[in-house]
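Structure first, commentary second.
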Amino acid sequence: MKKRLFAGLIASAMMASMLAGCGGSSDSNGNAQGGDKASGDGYSMTLIMSLRDEFLSTLEAGSKSAADELGVTLASQDAQNDTGKMLQFIESAKNAGDDAVLINLVDAATAQQCIEAAGDMKVVFVNRAPSDTSVLEAGKSVAVVSNENTSGYYQGEFLANYFKDKGKTEIKYLMLQGTLGLVHTEQRSASVLKALEDNGIKATQAAAPLVADYDRANAMDMISPLLGNTEFDCIIANNDAMALGAVEALKAKGMDPTSIPIVGIDATVDGIQAIKDGTLAMTVFQDANGQGYGAVKAAVNLIEGKAINDGTDYETDETGNICWVPFEPVTPDNVADYE
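For the sequence shown, the residue numbers in mature numbering (1 follows the signal peptide of the UniProt record, and there is no 0) are -20 to -1, 1 to 319.
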């Protein structure tokens, strides 16, 4: 079973099970009649994304699919990486009488502002957790995210095994970082180096980290001047887009991207294809559909006074305010499962 399809089938099966348990019949418009109202039926929500890129567009699609299954009315907005616009969209959702708002933070440090702007609405931070998770409050504001420390750690474990197989315990790396100040940029960058150290690899930077803001073109432009005059053993990127920018830069210089391991995160469609082509050594699957589904389900659960992971297979942290959607490593050995 392919992972992308499997996630959708799991969500559909869960929804079908829930709806079947509600009893009653439906009218010609599909509205429940008799028995209890289907969970989520009649609720209105807004998903506010930091921007609309490939990954977040997939998250948006997962959210809308879950909303359709749950009977939730879901609007979506693109804040275009502008916190001011994000806050305006939150205010608009509140004024429109929405029951909940799903927020993909532009700036993780502004979570408290977002909660205050939401007023009485339930708040679900999705994909990006607040930098200070103490702002989360049971029954009011929660997060549906993936543990970013594990994403980078999977990269580091892969690289450690790769170099150990070649008899190397000391390496030099180039790192392409996402936007500074974002929690997942910091955790992805730190955890990959920790995994290398934990697995007996001494890793030193061949050049200062390149901050490419998760953008493919930026990554290509920033790494190009280093190619051909800097010695390095691998390229570590905080996401697939930047990893692919490095691949393109190497090709443009007449260098073979398969000659060194380049690792990314997200398992985007292009990232998966690059692994199949051999130009990307590995990536880490971040379940955009799962995060989108989990965010809508968490919002419904908040409204109905249930645990935020109720009706899912996802685990929560010790506070019950963070729902974890797991990362999974993707390598040439298992890439077919993620097509």
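All C-beta atoms in this analysis are idealised placements derived from N, C-alpha and C, irrespective of residue type, glycine included. What you are looking at is a predicted structure, and each value in this text was computed from that prediction instead of being measured.
| field | Endpoints, the alpha helix (DSSP H) within which TYR142 is located | value | 128 to 145 is the extent of the alpha helix (DSSP H) around TYR142.
| field | Per DSSP, the bridge partner or partners of TYR153 | value | According to DSSP, TYR153 shares a beta bridge with GLN185 and CYS214.
| request: Since I believe TRP304 is in contact with GLU295 (beta carbons under 8 Å), could you give me their beta-carbon distance rounded to a whole number of angstroms? | output: Their Cβ separation, rounded to whole angstroms, is 5 Å, which keeps GLU295 and TRP304 in contact under 8 Å.
| request: Under 6 Å Cβ to Cβ from GLU308, same chain only, skipping five residues before and after it: list those, please. | output: These residues qualify, in order along the chain: PHE265.
| Continuous beta strand (DSSP E) stretch holding ILE166: start and end | The question names Ile, but residue 166 is Glu in the sequence shown. Not the beta strand (DSSP E): GLU166 falls in the alpha helix (DSSP H), residues 163 to 178.
| message | Using only CA atoms, which one of THR311, GLY291 and ALA268 lies nearest to PHE35? | response | It is ALA268 whose Cα lies nearest to the Cα of PHE35.
| message | Taking only three categories from DSSP, how would you classify LYS17? | response | Because the pLDDT at LYS17 is just 39, under 50, the model does not fix this residue reliably, and the value given afterwards should be weighed accordingly. In this structure, LYS17 counts as coil in the three-state DSSP scheme.
| field | Option nearest GLY244 by Cα separation, candidates ILE203, ILE216, CYS94 and GLN271 | value | Checked all of ILE203, ILE216, CYS94 and GLN271; the closest Cα to GLY244 is ILE216.
| field | Any beta strand (DSSP E) of 3 or more consecutive residues that is wholly inside the segment 92 to 121 | value | Segments of the beta strand (DSSP E) lying fully in the segment 92 to 121: 102 to 106.
| message | In whole angstroms, give me the CA-to-CA distance for ALA187 and MET101. | response | Spanning the two alpha carbons is a distance of roughly 46 Å.
| Whose C-alpha, out of THR63, ALA170 and ARG196, is nearest the C-alpha of GLN185? | Comparing alpha-carbon positions, the option among THR63, ALA170 and ARG196 lying closest to GLN185 turns out to be ALA170.
| said: Helix, strand or coil for SER5? Go by DSSP, reduced to three states. | reply: Here SER5 scores only 31 on pLDDT, less than 50, and its place in the model should not be relied on; the value that follows carries that caveat. The three-state secondary structure of SER5, taken from DSSP, is strand.
| Is there contact here, the segment 38 to 49 with the segment 72 to 79, by at least three beta-carbon pairs under 8 Å? | No, the segment 38 to 49 does not touch the segment 72 to 79.
| task | For ALA279, collect the residues of the same chain with a Cβ closer than 7 Å to its Cβ; drop the 5 residues on either side in sequence, then sort them by chain order. | result | Closer than 7 Å at the Cβ level, and outside the excluded window around ALA279, lie MET25, ALA80, LEU82, LYS102 and VAL104.
| request: Specify, as a first and last residue, the run of the alpha helix (DSSP H) that ASP58 falls within. | output: Per DSSP, ASP58 belongs to no alpha helix (DSSP H); it is in the beta strand (DSSP E), 53 to 58.
| request: Give the straight-line distance between the Cα atoms of ALA247 and LEU39, rounded to the nearest whole angstrom. | output: Taking the straight line from one Cα to the other gives about 13 Å.
| task | Could you tell me whether the Cβ atoms of residue 335 and ALA221 are closer together than 8 Å? | result | What is shown of the chain runs -20 to 319, which leaves residue 335 out entirely.
| task | Determine the contact status of ASP58 and LEU31, defining contact as a CB-CB distance below 8 Å. | result | Cβ atoms of ASP58 and LEU31: closer than 8 Å.
| request: Helix, strand or coil for GLU295, going by three-state DSSP, please let me know. | output: In this structure, GLU295 counts as strand in the three-state DSSP scheme.
| message | So for LEU160, helix, strand or coil by DSSP? | response | In this structure, LEU160 counts as coil in the three-state DSSP scheme.
| query | Which word fits LYS148, buried or exposed, when buried means at least 16 other C-beta atoms lie within 10 angstroms of its C-beta? | reply | So LYS148 counts as exposed.
| request: Please classify LYS144: is it buried, with 16 or more other beta-carbons within 10 angstroms of its beta-carbon, or exposed? | output: With fewer than 16 other Cβ atoms from the protein chains shown falling within 10 Å of its own Cβ, LYS144 counts as exposed.
| Where does ILE28 sit, in a helix, a strand or coil, going by DSSP? | Note: ILE28 maps to strand in three-state DSSP.
| Of all the CB atoms in chain B, is at least one closer than 8 Å to the CB of ASP201? | Note that chain B does not occur in the displayed structure, where there is just one protein chain.
| request: Whole angstroms is fine: what's the gap from LEU54's alpha carbon to GLY22's? | output: Their backbone Cα atoms lie some 10 Å apart in a straight line.
| query | When the Cα of VAL276 is compared with those of THR292, GLY180 and ASP250, which residue comes out closest? | reply | Cα-wise, what sits closest to VAL276 is THR292.
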